[in-house]
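Visitor: Numbers given in my numbering equal positions in the sequence shown, counted from 1, plus 14. C-beta atoms are modelled at their ideal positions from N, C-alpha and C, and glycine is treated no differently.
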Amino acid sequence: MASYPHSHLFLRTDRAIVTTGPHAQILDAKTGEILHSTVNLDGVAKDAVLKTGPIRCAAVDAEGVHLVTSGDDKMLKVWRIDGLALLNSRELPKKPTGIEFTKDGQTLVVSDKFGDIFSYPLHPAPAPRIKRTRGALASHENPSGGALILGHASLMTAFALSADGRYVVSADRDEHVRVSWYPQGWNIESFCLGHEKYVTAVHIPAFAPGTMVSGGGDAVLKVWDWMTGKLKAEVEVWDTVRKFLLAKGFKKLRGQWGKKDEDGADDDVEQSGKSSRKERRMKNRVVKEHHISELATAEGDEQEGDIEGEGETDAKPTDAGELIQVIHKIQSFQSGPSQQIVFSAVGASALFMAALPSDGGTAASNSTRAYDFTRPVVDFTLDAEGIAWVLLDGGWGENTEAVPLVKRIQCNPEGNVRNILDIWRVAH
15 MASYPHSHLF LRTDRAIVTT GPHAQILDAK TGEILHSTVN LDGVAKDAVL
65 KTGPIRCAAV DAEGVHLVTS GDDKMLKVWR IDGLALLNSR ELPKKPTGIE
115 FTKDGQTLVV SDKFGDIFSY PLHPAPAPRI KRTRGALASH ENPSGGALIL
165 GHASLMTAFA LSADGRYVVS ADRDEHVRVS WYPQGWNIES FCLGHEKYVT
215 AVHIPAFAPG TMVSGGGDAV LKVWDWMTGK LKAEVEVWDT VRKFLLAKGF
265 KKLRGQWGKK DEDGADDDVE QSGKSSRKER RMKNRVVKEH HISELATAEG
315 DEQEGDIEGE GETDAKPTDA GELIQVIHKI QSFQSGPSQQ IVFSAVGASA
365 LFMAALPSDG GTAASNSTRA YDFTRPVVDF TLDAEGIAWV LLDGGWGENT
415 EAVPLVKRIQ CNPEGNVRNI LDIWRVAH
């Protein structure tokens, strides 16, 4: 039987909801005992679960009644947590990047890779008997009758609904953060501009509903007055986060298959791939053959990659990786006058915490604390008292002993963290 990594963790009362590859599981929050799991389904039902592929997005309503999941098959599935029964499923127009419940738990808000946000009723209306024809705006039509709320020009990476449900804060891969009305998304309230890299997480603290914290690839978290788009403060995090990143990312160079050997000779496969693509491009150029040949000879590998033309997607990483920061999740809690931000980063072995800075201030990097778990933090959830349940990558490393799957820790107002309990220890 295949072994899947865990990907999402939700806590509601005495139940924990965990997604694992294509499967969803309901566990006893105290003991880790599996109460219900889609692994135990039979026949057609199990085949449908496996067809979904890894669950990319998931959400649980505030009451802990419904779980919503979606995977690579673009099917939005609604489950009843009690018994883990599938209530309904419907097709999404594009692969999702995020799912949220509205405050009343009766509407699902879904962002996708096309840059759109749609809303869907929790329980779909009966399908019309007469099938509608595709209109002029076919790219925005929805196979399941979803209502288009808003759209960005690039991939949607994160969004958050305001506490009163009247606004939606959305972010994309191209550094944009927008505040729009909900559900009248065509009315834009403000833009929060200032990020220099992708934005992958946004958060509105419950204790400060007029404040929004955003982060992604920048060296800082940014704190905003999101109604006006004014930048209030920054928290320097990169110098701390980089110490706990366990894996390196790679930059892709367009049109360059590899690097030259130490003696300057290109790899045979690289030369073959370049020459064949170049020949196809040359046929479409309205220039003399000898001029193209001279140009190709004179230019180096990087220029040669550019000659191959716009639209080439072939790329391989360079040999030397680099540390890349991607903020995964931001949450917060308040204890007395102390207001703390808690966040995680993709591939980092620590959970990070910093005080929410005052207006106009910049928190230095040494003010960001880290609690190291020695293995990647996959997900976490935080309650109002500052108690965090942290889901770890149980498959990391070569240790054959039992490892903790979830740790429960206490974050205190002084910015320190202490371990309370190791939960759900599993054999590696």
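1) Leaving aside the five residues before and after Leu-90 along the sequence, list all residues of the same chain whose C-beta is less than 6 Å from its C-beta, in chain order.
2) From the DSSP output, in three-state form, read off Thr-214 for me.
3) Would you kindly report the start and end of the unbroken beta strand (DSSP E) that includes Thr-34?
4) Alpha helix (DSSP H) containing Gly-57: first to last residue?
5) Thinking C-alpha only, which one of Phe-387, Gly-411, Met-226 is nearest Pro-371?
6) Kindly identify the DSSP beta-bridge partner or partners of Met-89.
7) Let me confirm a value: Ala-72 is counted as buried when at least 16 other C-beta atoms fall within 10 Å, else exposed. Which label applies?
8) Indicate the three-state DSSP secondary structure (helix, strand or coil) for Asp-188 in the structure shown.
9) Of the choices Thr-254, Val-420, Val-79, Pro-418, whose alpha-carbon is the least far from that of Phe-115?
10) Report the partner residues of Ser-194 according to the DSSP bridge assignment.
11) Is DSSP giving Arg-70 helix, strand or coil here?
12) Taking only runs that begin and end inside the segment 329-395, name each unbroken beta strand (DSSP E) of 3 or more residues, in chain order.
13) With three or more C-beta pairs closer than 8 Å as the rule, is the segment 190-205 touching the segment 224-241?
14) When burial is assigned at 16 or more other CB atoms within 10 Å of the CB, is His-137 buried or exposed?
15) Kindly indicate which three-state DSSP category Val-251 falls into: helix, strand or coil?
16) With the cut-off set at 8 Å, would you say Val-123 and Leu-175 are in Cβ contact?
17) Determine the contact status of Gly-231 and Gln-339, defining contact as a CB-CB distance below 8 Å.
18) For Ala-369, decide whether its Cβ has a neighbour in chain B, counting only Cβ atoms nearer than 8 Å.
19) Between which residues of its own chain and Trp-403 is the CB-CB distance below 7 Å, once the five residues before and five after are set aside?
20) Taking the C-alpha atoms as reference points, what is the distance between Leu-169 and Phe-128?
21) Taking the alpha carbon of Ala-222 as the point to measure from, which residue in Asp-178, Gly-199, Tyr-196, Ala-261 has its own alpha carbon closest?
22) Skipping 5 residues on each side, what residues in its chain have a beta carbon closer than 6 Å to that of Arg-70?
23) Can you give the Cα-Cα distance for His-166 and Glu-412, rounded to whole angstroms?
24) Confirm, please, whether the CB-CB distance from Val-213 to Thr-171 is below 8 Å.
25) Does DSSP put Thr-52 in a helix, a strand or coil?
26) Could you check whether Arg-432 and Trp-410 sit closer than 8 Å to each other, using their CB atoms as the reference points?
Guide: In brief:
1) Taking the first residue of the sequence shown as position 1, residue 90 is located at position 76. For Leu-90, where only same-chain residues beyond five positions count, the Cβ hits under 6 Å are Ser-84, Arg-104, Leu-106.
2) Within the sequence shown, the letter at position 200 stands for residue 214. DSSP, reduced to helix, strand and coil, places Thr-214 within a strand of the structure shown.
3) What you label residue 34 is simply residue 20 of the sequence shown in a count that begins at 1. First-last of the beta strand (DSSP E) with Thr-34: 29-34.
4) Against the sequence shown, residue 57 aligns to sequence position 43. Segment 57-66, the alpha helix (DSSP H) holding Gly-57.
5) Position 357 of the sequence shown, counted from the start, is the residue given in the question as residue 371. Of Phe-387, Gly-411, Met-226, the residue nearest in Cα terms is Met-226.
6) As a working mapping, residue 89 is identified with position 75 in the sequence shown. In the DSSP output, where bridge partners are listed per residue, Met-89 has Glu-105.
7) By 1-based counting over the sequence shown, the position of residue 72 is 58. It counts as buried.
8) As a working note, residue 188 is residue 174 in the sequence shown. DSSP places Asp-188 in coil when its eight states are reduced to three.
9) Taking the first residue of the sequence shown as position 1, residue 115 is located at position 101. A check of alpha carbon separations from Phe-115 across Thr-254, Val-420, Val-79, Pro-418 identifies Val-79 as the nearest.
10) As a working mapping, residue 194 is identified with position 180 in the sequence shown. According to DSSP, which records beta bridges pairwise, Ser-194 is partnered with Val-182, Ile-202.
11) Within the sequence shown, the letter at position 56 stands for residue 70. Three-state DSSP puts Arg-70 in coil, outside helix and strand.
12) Listed in chain order, the complete beta strand (DSSP E) runs (minimum 3 residues) inside the segment 329-395 are 329-331, 341-349, 352-359, 364-369, 383-386.
13) Contact annotation: the segment 224-241 touches the segment 190-205, with at least three C-beta pairs closer than 8 Å.
14) Against the sequence shown, residue 137 aligns to sequence position 123. Classification of His-137: exposed, given that the 10 Å Cβ count is below 16.
15) In the sequence shown, residue 251 corresponds to position 237, counting from 1. Look at Val-251 here: in three-state DSSP terms it is coil, with no helix or strand label.
16) Here the question's residue 123 lines up with position 109 in the sequence shown. Here the question's residue 175 lines up with position 161 in the sequence shown. A contact, by the Cβ cut-off of 8 Å.
17) Looking up residue 231 in the sequence shown gives position 217. Looking up residue 339 in the sequence shown gives position 325. Yes, the Cβ-Cβ distance between Gly-231 and Gln-339 is below 8 Å.
18) Considering every chain present, this structure includes no chain B. It has just one protein chain.
19) Against the sequence shown, residue 403 aligns to sequence position 389. Only Leu-23, Leu-25, Phe-394, Thr-395, Val-420, Arg-422 meet the Cβ criterion.
20) Position 155 of the sequence shown, counted from the start, is the residue given in the question as residue 169. Position 114 of the sequence shown, counted from the start, is the residue given in the question as residue 128. Leu-169 and Phe-128: Cα-Cα distance of roughly 6 Å.
21) Start at 1 with the first residue of the sequence shown, and residue 222 comes out as number 208. Of the candidates Asp-178, Gly-199, Tyr-196, Ala-261, the one whose C-alpha sits nearest the C-alpha of Ala-222 is Asp-178.
22) The residue you call residue 70 lines up with position 56 of the sequence shown. Non-local beta-carbon contacts of Arg-70 in its own chain, meaning distances under 6 Å to residues more than five positions away in sequence, involve Gly-85 in chain order.
23) On the sequence shown, residue 166 is found 152 positions in, with the first residue counted as 1. On the sequence shown, residue 412 is found 398 positions in, with the first residue counted as 1. Here the alpha carbons of Glu-412 and His-166 stand approximately 43 Å from one another.
24) Position 157 of the sequence shown, counted from the start, is the residue given in the question as residue 171. Position 199 of the sequence shown, counted from the start, is the residue given in the question as residue 213. Yes. Within cutoff.
25) The residue you call residue 52 lines up with position 38 of the sequence shown. In the structure shown, Thr-52 sits in a helix (DSSP, three-state: H, G or I).
26) Within the sequence shown, residue 410 is the residue found at index 396, counting from 1. Within the sequence shown, residue 432 is the residue found at index 418, counting from 1. No, these two residues do not count as a Cβ contact at 8 Å.
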